[in-house]
Structure formats: structure tokens, C-alpha cells
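Residue numbers (my numbering), protein chains in the order written: chain A, 2 to 428; chain Z, 648 to 1353.
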Amino acid sequence: MKLIWKFLCSLRLTVVLLALAVLLIFFGTLAQVDEGLWKAQKIWFESWIVIWQHLQLFGGKFTVPIFPGGYLIGTTLFVGLTAAFIQRFTWRWDKLGVNLTHGGVILLLLGQLLTQELALESYIEFKEGETKGYAEHHRDNELAFIRDAGEGRDEVVVIPESMLRTGAEIRHEKLPFTVRVKEHGLNCQIRRRGPMVDGPATATQGVGMQLVVEPRAEAKDMDSRNLPYAYIELLAGGNSLGTWLVTPWLPMLGSAAQVIDVSGQKLRTELRFERYYQPFEMTLLKTSHEQYRGTDIPKNFRSRVRVVDGKTREAREVDIYMNHPLRYAGLTFYQARMGKDQDDPQRGTSALQVVRNPSWLAPYVGCYVVAIGMYLQFRLHLVKFLGQRLGATRRGGLGAISARVLELGVLGYLVFKFTLNLFGYSS
Amino acid sequence: MKKLFPWIIFAVFAAYAAGGLRPAKVRDFDWEKFGRLPVMANGRFQPLDSLARNALLQLREKGEAISSTALAGPDQQRKMTATEWLTEVMFKPEVAEARPNIRIDNLELKQTLALPVEPDETKNTDGKHFSYAQIRPQFAALQEQARQAAGVKPELQSPYQRAVLQLLKQVQLFWRMENLAQPRVTDVLAGLKGASSEGAEDFLKMADEVKPQNAADWKAEMNAFLDGASAGRAALMASRDGKPHDEKVLTAFKRDLVRLEAMSMKGQPLLIPSADPVGAPEAWRGTGDALMSAASGSTPHPALHAYAQMGDAFRAGRAADFNAAAADYLAQLQPQFGAVTTKAVREQTFNRVAPFTHAMAIYVAVALCAICFWFAPVSGEWLRRTAVLLCLLALVIHAGGLVTRMVLEGRPPVTNLYSAAVFIGFAACVLGLVLEMVWRNSIGIIVSAVIGFITLLIAHHLALAGDTMEMMRAVLDTNFWLATHVVIVTLGYASTYVAGFLGILFVIIGIFTTRLTTPFTRNEAIAVTAATAVVSLPLSAMMAVNTLPATAREVNMDKAFAKMIYAITCFASLFSFVGTVLGGIWADQSWGRFWGWDPKENGALIIVLWNILILHARWGGMVRERGLANLAIVGNIVTTWSFFGTNMLGVGLHSYGFMDQERVALIAFVVSQLVLIAFGSLPLRVWRSYGGEKTDPPAGGTPQAA
């Protein structure tokens, strides 16, 4: 036990872990070129062990672990850091710098861990004049069955896309049927069916009968998303109600949800981007894209929106633009993309990134603490060294005094300015 | 007397640098005055002088033009200032087109265009610089090649294809300059036709019908157009409604409209001031635009007449009239656009003073002083002092340039790769001088001179891409974050480089001389020069030689090195850490995620981790002097990868500076650093500083001075 403790506290471990971290980040970044930002991140940084899936050797395929993953290195670093912190912690002025630095790093790592676990990213994409009461996930999809519950309300049963594997059978107490997934693909294109060219349709019900699905390879880069599809067969009382094609293409192209009639009871279904309902509604009033005069260099992107909150009776208009997000109801809305409606080029569209991150303050505080800590520590070294090097004669000199004044001035100004901006009093 | 030498040399160089402050004498045409006329280009106000220099940098990689390639004879080559060249392009394009100011290096491209590839006196060519007139007959071929090349992804294009696209861009730039003040449109229209631009069919049809010509006597033509505009407009309306009209008037009017439309190319600099200086001070227009709006009834802007007047005087060679017209126009602008003209004058002065060029030259002189110092190490202390003084001078000029740029842009010092390079040089120079102040062993001064010189050289090459004071794209348009995150993280880069550079010096001096542990001998010094030249690192050789004479004061120079590297690494850790976290906070404020594993973020994080690793390895006693030096050299690779390499990956939000040919340079740099590390890892017995029985290896214990 003592040995493990000593091992965890050792500087040697720190150095080895730092070296591994440097290599991990380097390889992980290179992998982004081939794998795409998101996938490389999953494989290298958000994993315990980096596994090489496709090693081909002696005619066989192997999966081999090739590197400790980000979680493993990060956790070990964190544990070692905490252990060393406990072991070496002493209340002395000349240790203040070291303590603050390491405490701040622990805070930063904790904050990042919390963010990883708690933060949720989604986005709202709407056209000018459109109102939305929900945000959508930028990657995940869900299969929704919607029943009219009266009084303008809907009752919705959603199945995450991760459950829609080919051959799966899904039941839910609120659904009057079993969903059998006949076919599922991660990404696809659709086109209209040519009656003579294409064979018989897989779908026997709904718009899917007129469409052909062309499977596509999984999208890798950060900006494009997968548009999956599934053929689902619905079974009620041992009988098939038919096979439907569902894909986010349909709502994207503006077609209404397909209706399923189960003995008089009407349900709507669609495979759509995963939704997060919000307790308020947002209307996009106007988009503006400014450019520098005489060039096509973008100067600003700005969305004017109206927020109407039924609960708090709040109704107001705000501008969301570059570096100026809206923080509301625990969510933060950022200007993400801007474009023109495909059908009506006069009508602007805008996408807002929506982030819920309860631990957003951690890096702010951590940065302060570490910066002050490092500063104190290195200053200590420097003063000691200069004392030896230059001797006492220079200590009280004009240079030393002006240096101290400059130091305080610059630091004070930076911290002051930074803090002002942090709390939104920017000039 | 020797005491005075440093000051005398300093004075000479100060005078050299101050020389640029004085404007050149006006002989006939007052280029100085014309060059300060404001224009809005690249989204910002700038003097015509800047427009001309940037155009020439893109056309021939120099800030000035040449009149011909002939080395003798009546047509002998003469340097033309950028403004003089631009005036000619604007007002006497037929002459400017014959001057060889477009540089083409790609051999295959020269062959495609049937241009001479070798210097040839008889054909009056240097094989490198060509005139627009030489390229024009081959334009269709160029356009066809460019069409094919444009279909290929930038990272897959061959050097030939890149050269083709580059030349097409240069030609278009030349067209824009020709069409600033008067129409020179026949080639533009031919180009437009060849490009089969969508949406322009009607316009091209009309152009075919009316056959517009280039301006011959623009002042008269413009006045005729303005006088006949209402009649022309009436004729145009009548013809649309199918009513009777004067066909001659209509054709002439249409011909002019086509010319004006063709002048208003994409990205055309806006020469004519806003008609509403109070309400919309930025609403400047191109000449074509301004005339078209005059044709639809609004009052023609006086600037149109002013430029026509200048053009007329210039064509006729009436210098006095030209100068008077330029002065009149400036005086007219003054009350309404005072701020704009003041800024233009400032920028023109900045261009003329060329602080970075002067600083570069002085950095070389600093290094030369140190080399001379080596030949007389004991009696030559005055040379070291000279080096320090000159380095201070260079630093002041360097800083002056930096500050002027900040004032002109209204921005913090670092806004793009160019300014980052300039700032890194500045910061490294300051750090080097601080080291020199503390140790006085000439190592710091070498750091300052060499890093200062190299970064300014890199900046010079980055400037060839165009305007270095470009506008900041939407998300970057925030002075707060540019002043905090960008400046601090760049300081982190700069200091990591300084530490790495010290590591290089340590390895070279340690291996090839005994200087790290004992005072050096002259033979050893000669050996180091030869040896480093062999590994083809002339710069390192220069640096190494420079450090040799560092007086015998410091016996354990390896200790001094280690302390310097350690101190700088502490500095680097602080700044790279704070800078990187601030970047995260910026990202949190503008994209909603603190950390997104973007390549640039990862690069910055690697620098932080590496610096921290060095410190912990040192604290844990895992490395001593030599290990520290080697780790610091790795820092060079890490920083360069983060600074340039991550931009080349072409992924993520920070891939703003796409560079391709630099890839080779990056790889070469990394290899050179790896070679140095390999050298640094050689067993200590082959290190001259630790060889023989004289000393214990430093990894095992404290090295002993002999």
C-alpha cells in the first residue's frame, strides 16, 4: 500500500504521464485528418485504451490495444496529482505558489470531467419567422411515435436510434404494437423511385413506397451529420401492419409525419433529430450577415430572436451574435451557422448552438488560481536567483523598484480587465 | 578610443535607420502626395502606396517595380517606386503592361505560355520577370489550365497547377489596378467570356453588341458620358418600351455602361469617397459604380473629376498640373475625411520607414559584431558592448514597427500569422537581452539577434500573400481576446523557442568545443565553425561561434546554460498555460465549449504539457544540464508543429492559414532538430567539453571544471 502511494506521488510518474499525454494528443490530432474530429476524439481522448481495430497480420484481423487512452492518462494524472498534493501539502508562504498551482489544476481537471458528464450540446435551427420550443441534438436521432392527447398536447414515445439495430424487436407499454427493425443504416441518401428501374419497394406503407434509399458511408468530419434510415415493420396481435421507411430526410424535406392507423387509433411516426424540449419558445425575427465593405470577408453574424416564457411571463427580444451569446434559463445560446432558405432565397435561416453546462465556471476559476500560483512560484525562484547572481547591491536599486511597479501595474490591469469582461462589463 | 567605438557604430546605424523617415525629394511628379491618397481595399482604408506595394509583393515578391530587364542601353533597368508604378498602371496602362513586373518561377508554366525560360540578353529577358503584354497572347491557354486546376482540391494540386492558379490571380489583380480610375476592359471582358461565368450571359451579349473600347482620352470620355447621361438614359428607357429613340446615342450609352460594369470587378478597391461622409462614412465606391450612379441622376462625386484630371496631366507629362490636382483633391478630402487621410499618411510613412527591414539588417550587424569579437575575445569586450547597443537599437525599431501597426489597425499586436512572427521575434529579443543583462556572456545577445532575424525573415515571406493588415473575420473581431489570449499564448511560443534555442547552443558548444567546462582555444573555435557548416546549419554555426568568446568569466558555462533554459521554461510554462486556458475560455464564450480538441488547441496544450514536463523532470532530478538542453530542443519541434503544422492539417476551426509548400520546410526543420537531439544524445565521452579524464559526466554528478 505504502509502495503504491509512493509510486502515485512520484515525480517520475508525473513525467512519464505527461510524456504519454503529449504523444496521445499528437497522435490523436494526426488521426483527426483521417478519422474526423469527432471520431478521433472518441477513439483517442474519450477512451481508456486506444484500440487499433484493423490490424492485419498473417491473413487474420486483430484488434490490439496500442496506447493508453485519454481517460486512463487523465485519471492517473489526476489521482497522482491529488496524492502528491495531499502528501506534500504544507502551509508555508513559500509553498503557496506550488499549492495554488496544483490545486488549480485539480480544479480544472475536475471541471473538465464534470463538463464531460453533465454538459449537453444541442442546437436550434430555424427560418426567419419560425418559432421553436425545442432544441435538437447535432448527432443523435430518435424514432418518435406521437399520439394526439387532446387540448393541443401530444403524447410522445421515443426510441433512441442506438436501439434500432437490424433484427431488433422493440416493445413499449404505451405502444399498441411491436416494432421490428427490418433494416437499419447509419447514413443514407434518398431519391424518388423510378418505377421501371428499381425493384420492388421494401416499404409497404407510407411515403417510403415511392422512395429509394441509397446507403452511405458514415460521415466523419465535424460539420456533416449522419442521416440514418430504418425500415420498421409494426406487428400487432401477430399480424403485420406493414413496413414503413423512416429517416430524418423526411422531416428535413418538409414532409409531414407518416400516420399509422391501428384499429382506429391514429399515431404519427418519424425518425428525427433527438429533441430537447424547453420551457420557453424562441422566434427568429431577423438574421443579418455583415461583410467588410468591398470584400466578402465576414464581419459579423447576428440573429435577432424573441424569447417568450410562458411560466415567468417573460417576453423580450435579444440579439445573439459573435462572441455575445445569450444566457437564459441555465442554457447558453451561441450564433453557430447562418444561411438562406432553399425554397425562398430571401428568407434567412440561422442555427443557434445550445449548451447546458452547469460547471462552466470551473475553468474560469481554475485559470485564475493556477496563473496566480505559477506566478508566485516562478517569481520566488527568480528573486532568489537574482539575489545570488547580482548580489545585494542591486536589490534596492531603481531597477528593482521600477520592475515591481511595472509588475503590479501590468498584472493589476490584466486581471482587472479580464474580470470585467468575465462578468459582462466589457468595453 | 575603444570606449567610443560602440557609440560611433551605434550612431551610424541609427542614422541609417532614421534615413527612411525623410521623404524622397520631389523631382517632377510628386509620388509622395499621390501615394497618400486614401482608398478602401480589403475592407479597410489605406493609402494608394500600400495598395501598390501589396500588389507588387503579390506580383513580383518585392515592394518596388522595375522598368525593364535590360542591363544596358537606352532602355536600361531602373527601379520604380510602388506608387510610380501604380500611377502608370492606372493612367498609362499600355506602358505599364510592357514592363516586366510579374514573376513566374515555374518552368512548366513558362513553357505552357511560350515564355523564355533562360536569361537571354538578346531577347531582353532574365527568364524570371515577364510583362503582362507577354502573357496576354497566351491568356486563353492560361485560363484553360486554370479551369482544370481549379477542379482539384488544394492539397492535391501539383506545383504546376498551383503556379497556374497563382498567375491567374496575379493577372486579375493587375486588371483591378488598371481599372481603378479608368476603363481598361477589353481583356477583362475576354477573360469573363472565357470563364463562361453563369449569370453574366446577358451582360456578355450586350458587350458583344456594343464592342466597348479601352479608355484613350479618359477625361474627355468621362465628361462626354456625364453630359450625355440623361439623353442616354432616356434612349434606354424608350428602347425598352419599344418607343422611337436615337440609336447612336443608345449604343454610345450602352458602350459606356458596359465599360463601367466591367470595371466593377469583385474585390475592386474602392477609390471614390462616400457621398454621405456623416451618415455612411464607409460607403466608398469603385469608379465604375460611382459613375453608374451618376448616370442614374445623382451628382457625380468630385473625386471622379479629380482622378480624371490627374490622369490627363500624367499622360501629357505635365508634372506641375498632376501635383496640383493631387494636392487639390487631398485638400478637398481633408474636412470630411480627416481621420481617413491622417491614417493614410501614417501608413505611408510606416511603409517608407520599413522598420522591420531595417531591424533585420541591424540584427545581422549584431551577429557580425559578435563574430569579430571572437577573433579578439579578450581585448574585444567593446565588440560585445557594440552588439548589445545595436541589439537595443534593433529592438526599438522592431517595437516601433509593432506599435505603429497596432495604432494603424486599432488592434492588439497579434492578429494573424504575419504579426505573430513579428511579435515572437520581438518577445524573444527582449528575453535574450534580459538574459544578457543577467549573465553578460553574449549568449543572450545571440538569442536576440538570431531569433529576431529569423522571425522577421519568416514574416517577410508571409507578407507575400498580400495585405498583412487584413480585417478580422467575424469571430476574431474582438480586441479583448486578441489582447489577452493571443498575446499571452504567443509569448508562450516565443519563450519556448528561446529555451529550445539555448538547448541548441548547449549541444553544439558542448560537443565541438570544451567551452562548457573550460575556457576555449582558437583551434577549437575553428573546428566548431567547420563542423557545423558540414551539418549544413550555417545559422547555428554563426550562433555557436558567437558564443565562443564569451569571456572566461563563467567557468561552468553548462551550469549557466541550464539555469537560463530553466528560467525561460518557467516563463514559457506560465504564459503557455495561461494563454491556452484563456483560449478555452474564449471558445466557451463564443462557441459554447471550453475545449473541443481542435488541432490548434491540442498544439497549444502539447506546448504546455511539454514545458511542465521539463520542469518536473528537472525538479525530480531526472535530467541535468544535457537532458534539459535536449528536452528544450524538442520544445522547438513541439512549438513549430503547433504554430505552423496544425494549420496544415486542414481540419478544425483554426485552419485559417492554409499553407502547402511550407510543409517541406516544416519537415526539414523537424529533421534538423532531431539531428541536433541525436547529437545531444551522443555519449559524453565524445563531447569535447566532457571528454577525456578531465571531467565527470554531468548526468552522474556535478561536472568539474578543469
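In this text, a Cβ means the ideal position worked out from N, Cα and C, and glycines have one as well.
Quiz item: Taking Cβ-Cβ distances shorter than 7 angstroms, what residues in chain Z pair up with F302 of chain A?
Solution: A1121
Quiz item: So is G410 of chain A in contact with chain Z if we call contact Cβ pairs under 9 angstroms?
Solution: no
Quiz item: Which residue's Cα is closest to the Cα of I782 of chain Z: Z:K990, Z:V811, Z:A963 and Z:L1129?
Solution: The candidate whose alpha carbon is nearest that of I782 of chain Z is Z:V811.
Quiz item: At what residue ranges does the region 686-773 of chain Z contain a whole run of the beta strand (DSSP E), taking only runs of 3 or more?
Solution: 691-694
Practice problem: Return the Cβ separation of R1120 of chain Z and I298 of chain A in integer angstroms, given the expectation that the two are a contact with Cβ distance under 8 angstroms. | Solution: Confirmed, Cβ separation roughly 6 angstroms.
Quiz prompt | Chain-ordered chain Z contacts of W361 of chain A [CB-CB under 7 angstroms] | solution = D1235
Practice problem: With DSSP as the reference, label Y277 of chain A as helix, strand or coil. | Solution: Y277 of chain A: strand per DSSP, three-state reduction.
Quiz item: Thinking C-alpha only, which one of A:E129, A:F27 and A:H290 is nearest D344 of chain A?
Solution: Residue A:E129 is the option with its Cα nearest to D344 of chain A.
Quiz item: Looking at Y1065 of chain Z and T1034 of chain Z, is the spacing between their C-beta atoms short of 9 angstroms?
Solution: Per the sequence presented here, residue 1034 of chain Z reads as Ala, with Thr not at that position. Against a cut-off of 9 angstroms, the Cβ pair of Y1065 of chain Z and A1034 of chain Z comes out as no contact.
Quiz item: Which value, in whole angstroms, describes the spacing of the CA atoms of A930 of chain Z and A788 of chain Z?
Solution: 38 angstroms
Quiz item: For the region 1031-1044 of chain Z, which residues have a CB atom closer than 7 angstroms to at least one CB atom of chain A, in sequence order?
Solution: Listed by position, the residues of the region 1031-1044 of chain Z near chain A (Cβ gap below 7 angstroms) amount to none.
Practice problem: Please report the residue range of the beta strand (DSSP E) in which F302 of chain A lies. | Solution: For F302 of chain A, the enclosing beta strand (DSSP E) covers residues P299 to D310.
Quiz item: When DSSP labels each residue in this structure, what does D262 of chain A get in the three-state scheme?
Solution: DSSP places D262 of chain A within a strand segment (E or B) once states are collapsed to three.
Exercise. With DSSP as the reference, please indicate the residues paired to D320 of chain A in a beta bridge.
Key: A:R305
Quiz prompt | Within 8 angstroms of chain B by C-beta, residues of the region 12-32 of chain A in sequence order | solution = This model lacks chain B altogether; the protein chains it does include are A and Z.
Quiz item: Does the Cβ of D888 of chain Z have 16 or more other Cβ atoms within 10 Å, making it buried, or fewer, making it exposed?
Solution: exposed
Exercise. Classify L695 of chain Z as buried or exposed, calling it buried when 16 or more other Cβ atoms lie within 10 Å of its own Cβ.
Key: buried
Quiz prompt | Assigned exposure category for I1071 of chain Z - 16 Cβ within 10 Å defines buried | solution = buried
Quiz prompt | Proximity to L980 of chain Z [Cα-Cα], best of Z:A885, Z:P685 and Z:D677 | solution = Z:P685
Self-check item: Own chain residues within Cβ distance below 8 angstroms of P629 of chain Z, not counting five before or after
Solution: It is not possible to answer for residue 629 of chain Z, since the shown part of chain Z is limited to 648 through 1353.
Quiz item: Whose CA, out of Z:A862, Z:A966, Z:G846 and Z:P916, lies closest to the CA of F681 of chain Z?
Solution: Z:A966
Quiz item: Hey, how far is the Cα of L1163 of chain Z from the Cα of T1216 of chain Z?
Solution: 20 angstroms
Quiz item: From which residue to which residue does the alpha helix (DSSP H) around I1324 of chain Z run?
Solution: E1309 to G1327
Quiz item: Closest by CA to N324 of chain A, which one among A:G311, A:N301 and A:L121?
Solution: A:N301
Quiz item: Closer than 9 angstroms, CB to CB, is M375 of chain A near chain Z or not?
Solution: yes
Self-check item: Cβ-based contacts, 9 angstroms cut-off: residues of the region 1218-1234 of chain Z near chain A
Solution: F1218, S1220, L1221, F1224, V1225, V1228, L1229, G1231, I1232 and W1233
Quiz prompt | Sequence ranges, alpha helix (DSSP H) only - wholly within the region 60-92 of chain A, length at least 4 | solution = 71-89
Quiz item: So, V158 of chain A versus K175 of chain A, is the Cβ gap smaller than 9 angstroms?
Solution: yes
Exercise. Output yes if chain Z places a C-beta closer than 9 angstroms to the C-beta of L108 of chain A; else output no.
Key: no
Quiz item: Under the DSSP definition of a beta bridge, which residues are partnered with A237 of chain A?
Solution: A:N240
Quiz prompt | Cross-chain neighbours of R294 of chain A in chain Z, by beta carbon under 8 angstroms | solution = M687, G690, L917, E929, A930 and W931
Self-check item: When Z:V1281, Z:A1001 and Z:M1211 are compared against S1089 of chain Z, the one with the closest alpha-carbon
Solution: Z:M1211
Quiz item: Relative to the alpha-carbon of G98 of chain A, which residue among A:V182, A:L421 and A:V370 has its alpha-carbon at the smallest distance?
Solution: A:V370
Quiz item: For a contact meaning CB atoms closer than 8 angstroms, what does Q354 of chain A contact in chain Z?
Solution: W1238 and G1239
Practice problem: Verify whether the separation of the beta carbon atoms of V308 of chain A and F281 of chain A is less than 9 angstroms. | Solution: yes
Quiz item: Looking at C-alpha atoms only, which residue of A:L109, A:H290 and A:F27 is the closest neighbour of L82 of chain A?
Solution: A:L109
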